[in-house]
């Protein structure tokens, strides 16, 4: 048995046609918008990405001071500059480019080439220490040649200072850059360019004196200039170490 509905109860055909056209128009509009975003704006977005990059710059933790039994300073820090090589944003790391950079910073070109080769095993986002205790002339040169060396960064750091002219040097020891042997030790958390105790008290109590580096995320343009900051993780300074040694008895 076939059931027939009255003609008036049917959905009007013109409404069906209207809905079909409306759905088609919305779909076409979505396609056009997608094309404009993915294709039409691609060049603009690509240019912005090329001109603005994110870098992670270390914040060097101050090393703890070494004090005598009465709290007098035997070893301290003084502010300095460190030159970093950002390999992630360095498309020109060819030998000639590195040789020019080494000459400008008064570095041995062979040592710079070797440093870059040894750093190839590290993640590219991890910057490499190119020069510690950089001079004001080094800083001025880099700032004046940002467009030529966009892969170079300068950060504030500290250098070890022995104010008592080497008193008890045989006991206090000294610090230096981490060696390849140190980096290769099982469980090592060091990175190339890290400063650690190499001898004496500096080495024996390195884990106490050495702090934890922080990190700053910045936005830089194609010329290596900072144009914004995304966030900072502060460094944790190392702990001071008080010895039983009496400074007066060492003079």
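In the working numbering, the protein residues as written are 335 to 585. From the three backbone atoms N, C-alpha and C, an ideal C-beta is built for every residue, glycine too. It should be emphasised that the depicted structure is a prediction, and the values quoted were computed from it without experimental measurement.
Which term fits residue i, buried or exposed, when burial requires 16 or more other beta carbons within 10 angstroms of its beta carbon?
i: residue 492; result: buried
i: residue 558; result: buried
i: residue 518; result: exposed
Excluding the 5 residues flanking residue i on each side, which residues of the same chain have their C-beta closer than 8 Å to its C-beta?
i: residue 532; result: 507, 508, 509, 510
i: residue 414; result: 466, 467, 468, 490, 491, 492, 493
i: residue 569; result: 393, 394, 395, 396, 545, 546, 547, 548
Take residue i and list the residues in its own chain whose beta-carbon comes closer than 6 Å to its own, dropping the five residues that flank it on each side.
i: residue 502; result: 584
i: residue 433; result: 443
i: residue 528; result: 512
i: residue 461; result: 418, 420
Contact check, residue i vs residue j under 8 Å by CB: the rounded distance?
i: residue 561; j: residue 548; result: At roughly 21 Å, the Cβ-Cβ gap does not stay under 8 Å, so residue 561 and residue 548 are not in contact.
i: residue 397; j: residue 544; result: 6 Å
Would you report the Cα separation of residue i and residue j, rounded to the nearest angstrom?
i: residue 442; j: residue 436; result: 6 Å
i: residue 575; j: residue 550; result: 28 Å
i: residue 399; j: residue 530; result: 14 Å
i: residue 472; j: residue 431; result: 17 Å
i: residue 384; j: residue 555; result: Annotation note: pLDDT 49 at residue 384 (below 50); position unreliable, no value reported.
i: residue 504; j: residue 401; result: 15 Å
i: residue 393; j: residue 495; result: 19 Å
i: residue 564; j: residue 390; result: 10 Å
i: residue 478; j: residue 427; result: 19 Å
i: residue 358; j: residue 388; result: 42 Å
Which residues in the same chain have their Cβ closer than 7 Å to the Cβ of residue i, if we skip the five residues on either side of it in sequence?
i: residue 540; result: 530, 531
Beta strand (DSSP E) runs wholly inside the segment 391 to 445, at least 3 long, in chain order: 407 to 419
Scan the segment 499 to 581 and note each continuous alpha helix (DSSP H) run of 4 residues or more that stays entirely inside, going in chain order. 503 to 506, 514 to 518, 534 to 538, 540 to 543
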